[in-house]
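*Asks:* Starting off with a structure, shown below.
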Amino acid sequence: METNSLKEYCLTVIKSDWLAASTSFPEFIAEISPLKKDENMLYIQENSFIFNKQLKRFPRLYLLRKRWKKKMFKLFENILTHETIIGIHNYMDKQDLDALQSELMQFLCQTRSFAPELNFDGIGQAIRNYIVYAMFKQLNCQKAGFNQACFGYSMLYPFTDNYIDNPDITNQQKAEYNRVIRDKIQGKTICSKSIHTQKTCDLLRAIEDKYPRSSHKDIYDLLLMMLEAQEDSMQQQCMENTLTQSERLDISIYKG
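Here my numbering = 1-based position in the sequence shown + 7.
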């Protein structure tokens with residue numbers, strides 16, 4: 008589907024389906040009781056605290072990372088084999104779980120090396136994207152293995168969202184940041200004025216290295232669409248813009 012057609016589809020068909028959707032809870036989804044929700048939230052908070060504590064202990068010296076990896080590996084193993092919120096271990100055999108665990112460990116190690124400044128929430132945002140990719144791979148019976156391009160793509164989410172949502176950064180700086188991203192996606196020569204912008208370009212380069220622009224034009228068209236949706240969403244940050252409810256819905260649907 009062409010990018011223009013895809014945008015039109017989002018703003019017509021999907022929007023129409025959304026507006027026509029029932030506001031009642033879907034019958035095919037099991038409703039979670041308030042007590043179970045509280046238990047799940049407590050489980051998430053406790054394990055998030057443990058993970059965050061271990062992440063902050065990532066050693067700068069390479070020789071000390073073996074012990075860190077061993078402890079983090081045990082944390083992953085415990086979550087993947089015992090958690091009851093999603094119950095992923097009920098749907099994957101041990102071999103597939105071990106492969107996923109290995110990929111996520113590699114993702115975390117590379118994240119800590121590439122962006123030690125990224126906070127726990129940002130890491131969580133990125134790794135969730137990678138897990139979705141890993142699940143699609145599993146559903147399509149594709150061979151497990153760490154994907155550097157998907158690492159770059161997943162890390163773009165916290166890198167771009169956190170920058171665009173930062174109220175301390177001016178709209179002019181945000182527009183310049185998006186311009187550099189657009190130039191990079193289009194294969195133009197760029198000049199990074201900050202470490203954050205340079206790292207953003209490095210993440211895009213990770214995609215380029217695996218999927219050359221000459222043979223994967225569709226990927227870069229979609230990346231440009233995502234950037235366009237990001238730019239459209241910035242209208243909501245401008246107090247001078249009085250957007251209607253329908254316009255805000257258009258922005259949300261297209262960005263989603």
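The C-beta atom is built at its ideal place from N, Cα and C for all residues, glycine as well.
Does the region 73-82 come within contact of the region 58-65, defined as at least 3 CB pairs closer than 8 Å?
*Replies:* Cβ pair count under 8 Å is three or more, so yes.
*Asks:* The alpha helix (DSSP H) with threonine 88 in it runs from where to where?
*Replies:* Looking at the DSSP string, the run of the alpha helix (DSSP H) that includes threonine 88 is 72-89.
*Asks:* Would you call valine 187 buried or exposed, if buried means 16 or more other Cβ atoms sit within 10 Å of its Cβ?
*Replies:* Per the 10 Å Cβ criterion, buried.
*Asks:* For the region 144-228, which segments carrying the alpha helix (DSSP H) assignment without a break, of at least 4 residues, lie completely within its bounds, in sequence order?
*Replies:* Those alpha helix (DSSP H) runs which fall completely within the region 144-228 and span 4+ residues are 155-171, 178-192 and 202-217.
*Asks:* In chain order, what residues of the same chain have a beta carbon less than 7 Å from the beta carbon of asparagine 47, not counting five sequence neighbours either side?
*Replies:* Excluding residues within five positions, the ones whose Cβ falls inside 7 Å are Ile92.
*Asks:* With respect to the alpha helix (DSSP H) encompassing arginine 119, which residues constitute its N-terminal and C-terminal limits?
*Replies:* Taken as a continuous stretch (DSSP letters only), the alpha helix (DSSP H) holding arginine 119 covers 101-121.
*Asks:* Drop a sphere of 10 angstroms on the beta-carbon of glycine 159, count the other beta-carbons inside from all chains shown, and report buried for 16 or more, exposed for fewer.
*Replies:* Flag for glycine 159 reads buried.
*Asks:* Kindly list the residues whose CB is nearer than 6 Å to the CB of aspartate 239, restricted to its own chain and excluding five residues on each side of it in sequence; keep chain order.
*Replies:* Ile258.
*Asks:* Is it the case that the Cβ atoms of leucine 210 and lysine 191 are separated by a distance below 7 Å?
*Replies:* In this structure, lysine 191 does not lie closer than 7 Å to leucine 210 by Cβ.
*Asks:* For alanine 28, which three-state DSSP category applies?
*Replies:* DSSP places alanine 28 in coil when its eight states are reduced to three.
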